[in-house]
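For what it's worth, the working numbering labels the leading residue of the sequence shown as 16, then goes sequentially.
Below is one structure, written out as structure tokens; the observations come after it.
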Amino acid sequence: MGSGVKEMVKPLVYVALGDSLTEGFGVSEEESFAAVFSKRMEEAIGRPVILHNAGVTGETLGDILHRLRTDDYLRVVIREAELLSLTAGGNDLLQAARVFLAKRDPQVLRNALREFHGRTAEFFGELEQIRSEYASAAEKPLEMRILNLYNPFPMFEETGYWVGRFNKVWQRYETPQIRIVDIYEAFIYRIDDLIGEDMVHPNALGYRVMAEAVHFLGYGGIDRRDDAS
Numbered sequence: 016m017g018s019g020v021k022e023m024v025k026p027l028v029y030v031a032l033g034d035s036l037t038e039g040f041g042v043s044e045e046e047s048f049a050a051v052f053s054k055r056m057e058e059a060i061g062r063p064v065i066l067h068n069a070g071v072t073g074e075t076l077g078d079i080l081h082r083l084r085t086d087d088y089l090r091v092v093i094r095e096a097e098l099l100s101l102t103a104g105g106n107d108l109l110q111a112a113r114v115f116l117a118k119r120d121p122q123v124l125r126n127a128l129r130e131f132h133g134r135t136a137e138f139f140g141e142l143e144q145i146r147s148e149y150a151s152a153a154e155k156p157l158e159m160r161i162l163n164l165y166n167p168f169p170m171f172e173e174t175g176y177w178v179g180r181f182n183k184v185w186q187r188y189e190t191p192q193i194r195i196v197d198i199y200e201a202f203i204y205r206i207d208d209l210i211g212e213d214m215v216h217p218n219a220l221g222y223r224v225m226a227e228a229v230h231f232l233g234y235g236g237i238d239r240r241d242d243a244s
């Protein structure tokens, strides 16, 4: 149009929820997976993206669930969000693994997995409650991208087994709107290239690989520029 009036495009609200992998431990804010993915998403959908990075280093899924229940600001931005990503479960497994190594009792890991099962159900229940509190949010499904766990210690056979068990929990929840991003496969053959100096967290390249894996799954029912203006 030749009116000279700039076309207004509705921004997309993106909430990145999770642990240190979302916060971007070990790299600059701009190199975090959430920041890199936000830029890729802007290019793909032709809309500005407002990123709320709600990643907190060290949090378990139980800690994240507690924030969902008590952090009013987080609840508000989730109501407004069109897309939510989640990294969770790594600290649940690491905490259990430390106890297992001290006690050599496999029941410790079985108990952690059972508790994780329960927490995931609570998580989705709380998320549904938050969205139902806001009419326009309840009308349109929230696009979710859950990043599964990679194995930073592939030299130990037991770690691969338990990472796989935890990842199967997330797989049960996959739907057209809730997509599971297979970070395990993205990292398994490149772990030495993608892990930082602490041998646990990704380096900048690793976070970019995570962002690309989320981008590769597409954007589902999210409105693109032509639909959102």
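All residues carry an ideal CB built from backbone N, CA and C; glycine is no exception.
- Do you know whose CA, among LEU232, ILE237, GLY235, ALA226, lies nearest GLY39's CA? Here residue 39 is taken as the residue at index 24 of the sequence shown, counted from 1. Ranking LEU232, ILE237, GLY235, ALA226 by CA distance to the CA of GLY39 puts ALA226 first.
- Residues near VAL30 by beta carbon distance below 7 angstroms, same chain, minus five either side: The residue you call residue 30 lines up with position 15 of the sequence shown. Once the five neighbours on either side are set aside, the close Cβ partners of VAL30 are HIS67, ALA69, VAL92, ILE93, ALA96, LEU99.
- Query: In this structure, does DSSP put ALA112 in helix, strand or coil?
  - Reply: The residue given as residue 112 occupies position 97 in the sequence shown. Note: ALA112 maps to helix in three-state DSSP.
- Quick one: using the 10 Å Cβ neighbour count with 16 as the cut-off for buried, is ASP107 buried or exposed? Here residue 107 refers to the residue found at position 92 when the sequence shown is read from its first residue. ASP107 comes out buried.
- Item | Sequence ranges, alpha helix (DSSP H) only - wholly within the region 174 to 236, length at least 4 | Listed in chain order, the complete alpha helix (DSSP H) runs (minimum 4 residues) inside the region 174 to 236 are 198 to 203, 206 to 209, 219 to 231.
- Message: For VAL42 and GLU172, what's the separation of their Cα atoms in angstroms?
- Response: Here residue 42 corresponds to residue number 27 of the sequence shown, with the count starting at 1. Here residue 172 corresponds to residue number 157 of the sequence shown, with the count starting at 1. Cα to Cα, the separation comes out at about 29 angstroms.
- Item | DSSP three-state assignment for SER53, whether helix, strand or coil | Numbered from 1 along the sequence shown, position 38 holds the residue referred to as residue 53. DSSP places SER53 in helix when its eight states are reduced to three.
- Query: Name the DSSP beta bridge partners of GLU158, please?
  - Reply: On the sequence shown, position 143 is the one that residue 158 refers to. DSSP lists LEU98 as partners of GLU158.
- Query: What residue range is occupied by the uninterrupted beta strand (DSSP E) comprising VAL71?
  - Reply: Taking the first residue of the sequence shown as 1, we reach residue 71 at position 56. Run containing VAL71: none; DSSP gives neither H nor E here.
- Could you check if LEU36 is buried or exposed, using at least 16 other CB atoms within 10 Å of its CB as the buried criterion? Here residue 36 is taken as the residue at index 21 of the sequence shown, counted from 1. LEU36 should be labelled buried.
- Task: List the endpoints of the continuous beta strand (DSSP E) containing VAL123.
- Result: One-based indexing of the sequence shown puts residue 123 at position 108. From DSSP, VAL123 is part of no beta strand (DSSP E) but of the alpha helix (DSSP H) over 122 to 147.
- Task: Can you say whether TYR204 is buried or exposed, counting buried as having 16 or more other CB atoms within 10 angstroms of its CB?
- Result: Translated into the one-based positions of the sequence shown, residue 204 becomes position 189. Classification for TYR204: exposed.
- Message: Quick check on DSSP: helix, strand or coil for VAL64?
- Response: Position 49 of the sequence shown, counted from the start, is the residue given in the question as residue 64. Here VAL64 sits in strand by DSSP.
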